[in-house]
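Undergrad:
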Amino acid sequence: MLSRHLSRHARIRGIRVLASVVAVASVGLLSGCGGGSSAAAGSKGGTLQLGWIANVENMGPYTALDSGFFKDKGVDVTVAPGGPSVTVEPLVVSGKALVGLTSADIAAKAILAGAPLKIVAATLQTNPTSVMSLASAPVNTLKDLEGKRLCIQTSGLETMKTVLKANKIDMAKVKFVTADFDPSPLVTGQCDAFTSFLNNQPITLAAQGVKTKVFPLSDYGYNVVADALVVSDQTLADPAKRAAVVKIISALAEGWRKALDNTDAATQLIVNKYGKNQHLDLKQQTLGAKTYLDLVQTDETKQNGLLSLSDATVKANIATLNLLGTGITADQLFDTSLIADAKPVR
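Using this note's numbering, you'd call the opening residue of the sequence shown number 216 and step up by one each time.
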């Protein structure tokens, strides 16, 4: 089910930050070696390593693959599903994957640990981290958390405290209740609000007939792109490989455009074909797919194209990461030249 798969995804994010740093360190010496001739890093294509399993989070890549958009661009791409045992960054550093999907915060920590990587495009323009409450007792704003009980996962506590502090919320008036990613405590009255993901817990409850009120932390300055495309510096330095990545970005944008234009069809493709062995729940996946309309598309993508990295997006991400204590510069984390060359569809 969507709840089980996405909750596990959220649960291992904290583990992945550490895992990516450790794994990158173990392959760091390889980054100076010559690249292989395998398909994973070939000049005519390679492996696109997903961060998570074949579910609607990845309906864009699979729609692009199924529709032949990669082949139309002249690149041969293998879409490799991720999961709890997959750490993307070292696979890209080692050349086993040409492109990987990760988040800006995890990529930043890996880069600061020595990984020769850059983010070149971003799928989720709006970070899905959010605050959820019951529609019958809504928490409408961050300020409304004062005097309330907030269920929150241990891995997200420091981030939440940073956001609250930045928005001048009196944390002494917020009671933090440690919780897992299962939203049941909200329904049973153990808390007044629940730290969630727009594409996860609200969908789980909606499928059960529970109405909720949700607002994203991005409304309060938490800007961290997710499912961002990351490539190695070695790939960027190779004109042929760089050109292949540009084509992959363009094809991915087309895949997302088609998926977003008909999320029901994209969901069927995932549930019945590419994610068939995951035994996904069609109803939850269908509801979940619709959340990506607002996560992948923004006013900026309508102007600059899907997967875009505008100056404003880059600036906002760096500001958020610095606020969270990850001191990194835009030049260290991003290379926006490829998305400009890709000219992605809107």
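Where is the CB? At the ideal position from N, CA and C, for every residue including glycine.
Computed from a predicted structure; not experimentally measured.
Have a look at P305 and V335 and give me their C-alpha separation to the nearest angstrom.
TA: Whole-angstrom Cα-Cα distance: 17 Å.
Undergrad: Short of 8 Å in beta carbon distance, which residues of its chain neighbour A350, apart from the five on each side in sequence? Order them along the chain.
TA: Same-chain partners within the cutoff: K426, T427 and K428.
Undergrad: Report yes if the CB atom of A312 is closer than 7 Å to the CB atom of T278, and no otherwise.
TA: Not in contact: A312 and T278 (Cβ atoms no closer than 7 Å).
Undergrad: Can you find the residues in the same chain that come closer than 6 Å, C-beta to C-beta, to L245, ignoring five residues on each side of it along the sequence?
TA: Confidence in L245 is poor, its pLDDT being 42 and thus under 50, which makes the residue's placement too unreliable to answer from.
Undergrad: What's the C-alpha gap between S465 and R561?
TA: Their Cα atoms are separated by approximately 11 Å.
Undergrad: Do I554 and V314 count as a contact pair if the criterion is CB distance below 7 Å?
TA: Not in contact: V314 and I554 (Cβ atoms no closer than 7 Å).
Undergrad: Do you know how far the Cα of T450 is from the Cα of G251?
TA: Confidence at G251 is low in this model, with a pLDDT of 38, below 50, so the placement of that residue should be treated as unreliable; the coordinate-derived value is given next. Near 12 Å, if we compare the C-alpha coordinates of T450 and G251.
Undergrad: Pull the bridge partners of V445 from the DSSP assignment, please.
TA: V445 pairs with G315 and I334.
Undergrad: Comparing alpha-carbon positions, which option in Q499, F412 and A443 lies nearest P276?
TA: Out of Q499, F412 and A443, A443 has the C-alpha closest to the C-alpha of P276.
Undergrad: Tell me whether C248 is buried or exposed, calling it buried when 16 or more other Cβ atoms sit within 10 Å of its Cβ.
TA: Because the pLDDT at C248 is just 40, under 50, the model does not fix this residue reliably, and the value given afterwards should be weighed accordingly. Classification for C248: exposed.
Undergrad: Give every residue of the same chain whose Cβ lies closer than 6 Å to the Cβ of L265, excluding the five residues on either side of it in the sequence, and list them in chain order.
TA: Once the five neighbours on either side are set aside, the close Cβ partners of L265 are N273, P296, G297 and L316.
Undergrad: Mapping DSSP to helix, strand and coil, what is D407?
TA: In the structure shown, D407 sits in coil (DSSP, three-state: anything other than H, G, I, E or B).
Undergrad: Near V461, what residues of its chain come up, given a Cβ to Cβ distance below 8 Å and the 5 sequence neighbours on each side ignored?
TA: L553, D556 and A557.
Undergrad: Are there 16 or more other CB atoms within 10 angstroms of the CB of G404, so buried, or fewer, so exposed?
TA: Classification of G404: exposed, given that the 10 Å Cβ count is below 16.
Undergrad: Go ahead and label I333 buried or exposed: buried means 16 or more other beta carbons lie within 10 angstroms of its beta carbon, across all protein chains shown.
TA: The question names Ile, yet the displayed sequence has Lys at residue 333. With 16 or more Cβ atoms within 10 Å of its Cβ, K333 is classed as buried.
Undergrad: When you compare each of G283, G540, D320 and V392 to V529 by their alpha carbons, which one comes out closest?
TA: Checking every option, the nearest Cα to that of V529 belongs to D320.
Undergrad: Kindly indicate which three-state DSSP category L495 falls into: helix, strand or coil?
TA: In the structure shown, L495 sits in coil (DSSP, three-state: anything other than H, G, I, E or B).
Undergrad: If I follow the unbroken alpha helix (DSSP H) through M386, where does it start and stop?
TA: Per DSSP, M386 belongs to no alpha helix (DSSP H) and is neither H nor E.
Undergrad: Between I418 and T506, which are expected to be in contact by the criterion C-beta below 8 Å, what is the C-beta distance as a whole number of angstroms?
TA: Confirmed, about 7 Å.
Undergrad: Kindly indicate which residue of I367, T551 and A269 has the alpha-carbon position closest to the one of K390.
TA: Comparing Cα positions, the closest option is I367.
Undergrad: Just to confirm the assignment: which complete beta strand (DSSP E) runs, minimum length 3, are found wholly within the segment 268 to 312?
TA: Correct list: 291 to 295.
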